[in-house]
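Data first, discussion second: the structure below is written as structure tokens.
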Amino acid sequence: MKSKKSVFIEGHILSNSCHGQVGQPFCIHRVRFSNGKYAIIRVASGICFKLGDIIKRSDCEWFYKRTTIRLLSFEYLEDDESRRQFFEYQ
1 MKSKKSVFIE GHILSNSCHG QVGQPFCIHR VRFSNGKYAI IRVASGICFK
51 LGDIIKRSDC EWFYKRTTIR LLSFEYLEDD ESRRQFFEYQ
């Protein structure tokens, strides 16, 4: 039987782009992860992170300031591709 190993990843918010209406924000974030990859992410609850904020994943859960958050699905990207995709949302 395989034992589960604990996975810990930190993500640093590099850029954000907030859209939508007051009370219904739609924020897109460009993140650099501790595994050397990048991604464009959104939080299901509509939270808008600030530049320099840190999100963390421990096992299968994501956290922001010790509060569990749910990220919408995303894929890991290289730096250049993450920049290109982020600027498409501008």
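In our numbering, the protein residues as written are 1 to 90. Every residue gets a Cβ at the ideal spot worked out from N, C-alpha and C, and that includes glycine.
Residue i to residue j span [Cα, whole Å]
{"i": "phenylalanine 71", "j": "isoleucine 41", "result": "For the record, residue 71 in the displayed sequence is leucine; it is not phenylalanine. Straight-line Cα distance between these residues: approximately 7 Å."}
{"i": "isoleucine 13", "j": "tyrosine 38", "result": "10 Å"}
{"i": "serine 15", "j": "glycine 52", "result": "9 Å"}
{"i": "glutamate 78", "j": "valine 31", "result": "11 Å"}
{"i": "tryptophan 62", "j": "valine 7", "result": "11 Å"}
Expected contact under 8 Å - CB spacing of residue i and residue j to nearest Å
{"i": "cysteine 48", "j": "proline 25", "result": "5 Å"}
{"i": "isoleucine 9", "j": "serine 34", "result": "6 Å"}
{"i": "tyrosine 76", "j": "serine 17", "result": "Not a contact, Cβ separation roughly 19 Å."}
Per-residue burial, residue i [other beta carbons within 10 Å of its own, 16 or more giving buried]
{"i": "isoleucine 28", "result": "buried"}
{"i": "glycine 11", "result": "buried"}
May I ask you to verify whether the stretch 78-87 touches the stretch 51-66, counting CB pairs closer than 8 Å and requiring at least 3? In this structure the stretch 78-87 does not lie against the stretch 51-66, because fewer than three pairs of beta carbons, one per stretch, are closer than 8 Å.
What alpha helix (DSSP H) runs, 4 residues minimum, are completely inside the stretch 12-69? Within the stretch 12-69, no complete alpha helix (DSSP H) run reaches 4 residues.
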